[in-house]
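J.: Got a structure for you, written out below as structure tokens; questions coming shortly.
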Amino acid sequence: MKMRKMSKYGMEFSMKIVFAACACVSIIAISLIAIFLFTGGLPAIFEIGIYEFFLGQRWAPGDRYPAVPAFGVLPMIVGSIYITLGALVIGVPIGLFTAIYLAYMCPHRIYVFVKPVVNLLAGIPSVVYGFFGMVVLVPMIRPFAREITGGGTGESIMAASILLGIMILPVVIGISESAIRAVPANYLEGALALGASKTRSVFCVIVPAAKSGIMAAVVLGVGRAVGETMAVNMVAGNQARMPTHLLRGVRSLTANIVMEMPYAYGLHRDALTATGVVLLLFILIINMLFVFLVRKGR
Amino acid sequence: MKKMLALLAVAGLLLFTACGDGGESTTSNPSTNNPAVAAAPTPAPAAANPAATVTPITGPIDVISRESGSGTRDAFVEILGILEDGVDRTYIEAVIQTGTGAVITAVAGNLYAIGYISLGSVRDDVRAMPINGVPATAENVQNGSYPLFRTFYLATPRNLEPLAQDFLDFIVSAEGQEIAVSRGFVAIGDNLPAFSGGGLTGTLEISGSTSMVDLMERIAAAYMELHADTRIEIHSTGSGAGITDAREGRVAFGMASRALRPAELEYVDSVTMAHDGLAVIVHNDNPIASLTTEQVRDIFMGELPRWSDTH
Amino acid sequence: MLRLTLYLVIGIALFLALKHVYTYLPEAVLRKMVRIWDKIFLSLTWVFAGVTVLALGFIIFHILSNGIPHLSPRLFAVNVTLGDVSMFPAIISTVLMVIIVLAISVPLGMFTAVFLVEYMRTGSWFVTLIRSAAEILAGIPSIVYGLFGMMFFRVFLGMGFSILSGSLTMSIMMLPLIIRTTEEALKSVPDTYREGSFALGAGKLRTVFRIILPNAMPGIFAGVILAIGRVVGESAALIFTAGTILQIPSSLFDSARTLTVHMWRLSSYGQYVNETYATAVVLLLVVLSLNAVSGVIARKFTKT
């Protein structure tokens, strides 16, 4: 009797260890990633020079003796910021209004049609978006680029922003809709009782109440836009210089890595790893901003 | 409050992009602004009349270049003098495409585009521009009249495994070089020895230049057909990656479409695989008859920005 | 350009001024303004929802209309010769990779979630640590995973371009997703189930495996479907780890390309535009079916 009890407890205990070990895998994975990225990237940043790396405007790893290769990532940082902002300008209003529509204005028959559509948008691989951008968006923008800026193939901030905006729509819509639906019904009832129209109640009472959820949606959208690689690489032109015009090309941090990582060795490769570190820091800052905003919202 | 911030942000964004170099003046030739949407660009004179009296395309040139580790780019900028004192002065506005195929796609879809690829990769979706009046063909590369050419090298680690050495021998033999010639490249010499090896088994991994992948795949296919139980995997990663992989022992040998540098030769050896021309490609409907090497250089440095400046 | 910003500034100033002034307008005018405002916003919701649907509809229509005509048996050829465009090896590789990734990440993620929910007091530092780690993992861009996978699995551990490198990298990528969805599913199982089970004398282990997990299955399954979708759609991370060789892998150490990587490769070879469209069609079909399956499961979940 005692033996069986003990083996049952022994089994319990050992399984608990197993579960705990599994939980530790996440920590191990994070640490591994951090170690490899930082040991690769940080020395490079110091060797290139903190100022030259973060604020240098010339990225030219191919320059060689007697010149010195240049590793300034500022053009890519600004490029990533621009296309992310562009994606937000396009994706957030459309996404938010669609979420409001889905939550409050939409007849049930239309809802069962639109919701799967939004989910489908989420599942399309980014190379499909990129390919679509390449063959449809870029040629569409090309005549405008040539007319307004006197040149350009159509690969531009605009093309990347439109594409990214579409790509973050599902994220923004999904989470905003949940947030809006989570607002208690009596908010709406109270507003209506006070005489406001339905539209006014939704926009001026419910939406502000769902603020923190909507902000979460925006932050997640930003995360997706910043981390997007293939689609941006296919439509943004990839010029390694400071952005000049909405209708001209840029290079994002992610495209920089994916284009040059295969060939790079030595300092060039470590510089690209450092670019990865910059990306990581970006995401971390955005996440911290989110936590801060949520707390402030409460 | 939030709306104001949003409006301010948008205003700031517009301001930023406005304050940069806005590109050229907007007084472009109206004939270039036809509704040139998607695949069918503005029609040029239907049959490309080689006589220079025709009014060809005008407007800004869309320069397409390769990414910074590409052997083709290295060879191109060196041979044209765009690389000077170690600085690659390629036009900063040039759109960067990764890989030979991407450059072809970009040029084939844009009437105003110009790019450069390996001569052996030219198919009928784009047109190879004659340089200094000399058409871009393998014969002209061989007899020296076509000025833009470079050599394909193989970066081999010091100790080659037997199968790798055998495959290498096949590549430089008469049979291997025959395949190269049939694909539009130039053999490394005449009177090459016939292949006399074989009988080994195993798997080989090769990586490197996107310009060389197609040729390598065909030679490998021929080799694998002769020798069952051999497998050759070819990764198309770019010259720089090929050299790096060979240097770090990750592949049997690497393909490089440029000469190896002294720093690299400290770790690997270099074997000549074939000769190749560099084709300057334009859209099939681009009627320009020929460009000089100086014009090509200036175009790719951004100093010749409009098609109208080429005649 | 300077003029535009001047207009914008004037516009913003006017807007702010109006905001403070408009309350002094007569009642009837105000009411009319509100009604117009309402109409504008209401129609905007319809318009933007329409834009969303239209955007997706256009993309899908464009790909289907350009791809379906080019679907041919050649694209599904089993024997791949060099330079071929068959997607059959890619499909096999994708299936293989999904199986391996799920085999690694689902048990790991599930057990982690079980640990977090069932075994630890909420608020303990360990739970917060694991959860933060999972959050951070979730936010890392896929290209950084590709970098890491290349440096760690391919180079440091010497696995080379291989299915193994690729699936290990993807498993780490999928962990946060599985953990989060399993956690949600576990939390949604009512405590009364647990209490009842303990009251009947079952140990924690038995409770977890016999009572809680089966009840949480629909939620866990939803997470698994999501993970499958992500693995199928991933490209950047796999290009650096699993490589791009078009072949049916004969061992875990062979390089292979998944369907998405295959499509990307095709799109960068100038002459295969039609084949790219066709491959995109197949990809879309896969995504559609995954979505349909998850929809069916969701409906089953809410019914029970």
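Chains as they are written, first to last, in the numbering used here: chain B, 216 to 513; chain U, -16 to 294; chain S, -14 to 289. For glycine and all other residues, C-beta sits at the position ideal for the given N, C-alpha and C. These figures come from a predicted structure and were not determined experimentally.
In chain order, what residues of the same chain lie with their CB nearer than 7 angstroms to the CB of residue 266(S), ignoring the 5 residues before and after it?
T.: 48, 49, 52, 53, 56
J.: Looking only at DSSP bridge pairs, what is residue 199(B) linked to?
T.: This structure leaves residue 199(B) out entirely; chain B is present only between 216 and 513.
J.: I want to know whether the segment 464 to 484 of chain B touches the segment 222 to 240 of chain U - three or more CB-CB distances under 8 angstroms.
T.: yes
J.: Touch check for the segment 418 to 432 of chain B and the segment 384 to 392 of chain B: three-plus C-beta pairs under 8 angstroms?
T.: yes
J.: Check whether the Cβ of residue 415(B) lies closer than 9 angstroms to any Cβ atom in chain S.
T.: Look at residue 415(B): its C-beta is under 9 angstroms from a C-beta on chain S.
J.: Once DSSP output is grouped into helix, strand and coil, what is the label at residue 149(U)?
T.: helix
J.: Taking the alpha helix (DSSP H) that residue 160(U) falls in, what are its first and last residues?
T.: Where residue 160(U) is concerned, the enclosing alpha helix (DSSP H) stretches over 157 to 165.
J.: Taking only beta carbons into account, state which residues of the segment 324 to 343 of chain B come closer than 7 angstroms to chain S, listed in chain order.
T.: 329, 331, 332, 333, 334, 335, 336, 338, 339, 340, 341, 342, 343
J.: Pull up the distance between the alpha-carbon of residue 111(U) and that of residue 453(B), whole angstroms please.
T.: 24 angstroms
J.: Using a Cβ-Cβ cutoff of 7 angstroms, what residues of the segment 30 to 43 of chain S are near chain B? List them in chain order.
T.: 30, 31, 33, 34, 36, 37, 38, 40, 41
J.: By Cβ distance below 7 angstroms, which residues in the same chain neighbour residue 281(U) in space, the five residues on each side in sequence not counted?
T.: 287
J.: Beta strand (DSSP E) containing residue 252(U): first to last residue?
T.: Run containing residue 252(U): 251 to 265, per the beta strand (DSSP E) assignment.
J.: For residue 291(B) versus residue 468(B), is the C-beta distance shorter than 9 angstroms?
T.: yes
J.: Would the segment 118 to 134 of chain S count as touching the segment 151 to 161 of chain S if we require 3 or more Cβ pairs under 8 angstroms?
T.: yes
J.: To the nearest angstrom, report how far apart residue 300(B) and residue 43(U) are at their CA atoms.
T.: 29 angstroms
J.: What is the DSSP secondary structure of residue 440(B), reduced to helix, strand or coil?
T.: helix
J.: By Cβ distance below 6 angstroms, which residues in the same chain neighbour residue 24(U) in space, the five residues on each side in sequence not counted?
T.: In this predicted model, residue 24(U) has a pLDDT of only 39, less than 50, meaning its place in the structure is not dependable enough to derive any value.
J.: Can you confirm whether residue -3(U), when its beta carbon is compared against all beta carbons of chain S, has any partner nearer than 9 angstroms?
T.: Residue placement at residue -3(U) cannot be trusted, given a pLDDT of 47 that sits under 50; what the coordinates show is reported in the next sentence. Yes, because at least one Cβ of chain S sits closer than 9 angstroms to the Cβ of residue -3(U).
J.: For residue -4(S) and residue 3(S), what's the separation of their Cα atoms in angstroms?
T.: 10 angstroms
J.: Along the alpha helix (DSSP H) that carries residue 392(B), what are the first and last residues, could you check?
T.: 372 to 397
J.: Does any residue of chain U bring its CB to less than 9 angstroms from the CB of residue 357(B)?
T.: yes
J.: Beta-carbon of residue 291(B) versus every beta-carbon of chain U: anything under 9 angstroms?
T.: no
J.: Does the segment 115 to 135 of chain U come into contact with the segment 149 to 157 of chain U, if we say contact requires no fewer than three beta-carbon pairs (one atom in each stretch) closer than 8 angstroms?
T.: By the Cβ test, the segment 115 to 135 of chain U is not in contact with the segment 149 to 157 of chain U, since fewer than three Cβ pairs between them sit closer than 8 angstroms.
J.: What separation, rounded to the nearest whole angstrom, lies between the Cα atoms of residue 212(U) and residue 146(S)?
T.: 21 angstroms
J.: Counting contacts by CB-CB distance shorter than 9 angstroms, is residue 109(U) in contact with chain B?
T.: no
J.: Identify each residue in the segment 229 to 242 of chain S for which the Cβ-Cβ distance to at least one residue of chain U is less than 7 angstroms, and report them in chain order.
T.: 229, 230, 240
J.: For residue 114(U), which residues does DSSP report across the bridge?
T.: 117(U), 274(U)
J.: Pairing CB atoms from the segment 343 to 353 of chain B with CB atoms from the segment 418 to 428 of chain B, are three or more of them under 8 angstroms?
T.: no
J.: For a contact defined as C-beta to C-beta under 7 angstroms, what are the partners of residue 82(U) on chain S?
T.: 253
J.: Do residue 333(B) and residue 30(S) have their C-beta atoms within less than 9 angstroms of each other?
T.: Result no, Cβ atoms of residue 333(B) and residue 30(S) do not sit closer than 9 angstroms.
J.: With the cut-off set at 9 angstroms, would you say residue 295(U) and residue 201(U) are in Cβ contact?
T.: Within the shown structure, residues of chain U are numbered from -16 to 294, placing residue 295(U) beyond reach of any answer.
J.: Within 10 angstroms of the Cβ of residue 13(U), are there 16 or more other Cβ atoms? Answer buried if so, exposed if not.
T.: With a pLDDT of only 35 at residue 13(U), under 50, the local geometry of the prediction cannot be trusted, and no value is derived from it.
J.: Is there a Cβ from chain U that is less than 9 angstroms from the Cβ of residue 302(B)?
T.: no
J.: Using a Cβ-Cβ cutoff of less than 6 angstroms, which residues in the same chain neighbour residue -13(U) once the five nearest sequence positions on both sides are dropped?
T.: Low confidence applies here, because residue -13(U) scores a pLDDT of 49, under 50, leaving its location unreliable; read the following figure in that light. Nothing listed; no residue qualifies.
J.: Quick check on DSSP: helix, strand or coil for residue 174(S)?
T.: coil
J.: Does DSSP put residue 250(S) in a helix, in a strand, or in coil?
T.: helix
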